[in-house]
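Colleague: Before we start, here is the structure in question, set down as structure tokens.
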Amino acid sequence: DAGITQSPRYKITETGRQVTLMCHQTWSHSYMFWYRQDLGHGLRLIYYSAAADITDKGEVPDGYVVSRSKTENFPLTLESATRSQTSVYFCASSDSVGDAKNIQYFGAGTRLSVL
Amino acid sequence: LAKTTQPISMDSYEGQEVNITCSHNNIATNDYITWYQQFPSQGPRFIIQGYKTKVTNEVASLFIPADRKSSTLSLPRVSLSDTAVYYCLVTGYNTNAGKSTFGDGTTLTVKP
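First to last, the sequence lines map onto chains A and B.
Take the first sequence: its position 57, counted from the start at 1, is 57 in my numbering, and no numbers get skipped.
My numbering runs 1000 ahead of the 1-based position in the second sequence.
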């Protein structure tokens, strides 16, 4: 299916475990983003990528690792999960082709609980 | 990248026009202003984008004064289904395209 998909939609893990959240887009957008949204708050940027093999930190990168070996995939890894990383994680993609000046398109989100 | 300031919450009634203003004093020459809407348990979705003056689409209008230090999202004749969180985002272009600061948004509650 076309669009941007995140998997899994729900994940429960334990403190100290490694967790990887997946994000896949079919538009060949150059930019991809990872945000976290804590209950009752706005979105905070974790990492973003301008193209394959180019990534950069956002506002809250500590405890997270990203990679982008292919344009369409942008996985987010929590190396050693902590309870403070319990949140909803959103992936987004954007491009600047034509009139669309980096309008971001979001996935449905992954709800992560760290016990 | 320019930081934005919005009211935390607003209330309205069905059928009224709602205007949400966003301040972005440090907007750069190449930045665009983009508004998103978010419903509970969903990702934000694009509403409207503009650079200057006025932009209108099928769901909203966006007013941007000449100095571009603020913008106003206008929702005509709101309904209960417009209850959501609205985010104003200064969207960098070219080298700044990756840096996005959403903030906490404005929670709009539409009452019957």
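Glycine is no exception: its CB is placed at the ideal position from the N, C-alpha and C atoms.
Please name the residue, chosen from A:L112, A:I46, A:F106 and A:Q85, that lies closest to S93 of chain A on a Cα-to-Cα basis.
Modeller: Taking the first sequence and counting its residues from 1, the one referred to as residue 93 of chain A is at position 93. Closest by alpha carbon: A:F106.
Colleague: For E1017 of chain B, which residues of its own chain have a beta-carbon under 6 Å away from its beta-carbon, when the five flanking residues on both sides are left out?
Modeller: The residue you call residue 1017 of chain B lines up with position 17 of the second sequence. Around E1017 of chain B: P1076.
Colleague: Taking only beta-carbon positions, decide if K101 of chain A is within less than 8 Å of chain B.
Modeller: By 1-based counting over the first sequence, the position of residue 101 of chain A is 101. At least one chain B Cβ lies under 8 Å of K101 of chain A.
Colleague: Could you pull the start and end residues of the beta strand (DSSP E) that W34 of chain A belongs to?
Modeller: The residue you call residue 34 of chain A lines up with position 34 of the first sequence. Start and end: Y31 to Q37.
Colleague: For Q1006 of chain B, does the three-state DSSP call read helix, strand or coil?
Modeller: The residue given as residue 1006 of chain B occupies position 6 in the second sequence. It is coil, neither helix nor strand.
Colleague: Taking the beta strand (DSSP E) that K11 of chain A falls in, what are its first and last residues?
Modeller: Position 11 of the first sequence, counting from 1, holds the residue named residue 11 of chain A. Unbroken beta strand (DSSP E) run through K11 of chain A: Y10 to T13.
Colleague: Please list the terminal residues of the continuous beta strand (DSSP E) segment that includes L1075 of chain B.
Modeller: For the purposes of this step, residue 1075 of chain B is taken as the residue at position 75 of the second sequence. S1070 to L1075 is the span of the beta strand (DSSP E), which, as asked, contains L1075 of chain B.
Colleague: Could you tell me the distance, in whole angstroms, from the CA atom of G1105 of chain B to the CA atom of I1008 of chain B?
Modeller: For the purposes of this step, residue 1105 of chain B is taken as the residue at position 105 of the second sequence. For the purposes of this step, residue 1008 of chain B is taken as the residue at position 8 of the second sequence. Distance between the alpha carbons of G1105 of chain B and I1008 of chain B: 6 Å.
Colleague: In chain order, what residues of the same chain have a beta carbon less than 6 Å from the beta carbon of I1020 of chain B, not counting five sequence neighbours either side?
Modeller: Along the second sequence, one-based indexing puts residue 1020 of chain B at 20. Excluding sequence neighbours, I1020 of chain B sits near L1073, Y1086 and T1106.
Colleague: Helix, strand or coil for D1104 of chain B, going by three-state DSSP, please let me know.
Modeller: The count along the second sequence starts at 1 and reaches residue 1104 of chain B at position 104. In the structure shown, D1104 of chain B sits in coil (DSSP, three-state: anything other than H, G, I, E or B).
Colleague: Take the Cβ of N1026 of chain B as the centre, count every other Cβ of all protein chains shown within 10 Å, and call the residue buried at 16 or more, exposed below.
Modeller: In the second sequence, the residue the question calls residue 1026 of chain B occupies position 26. Result: exposed.
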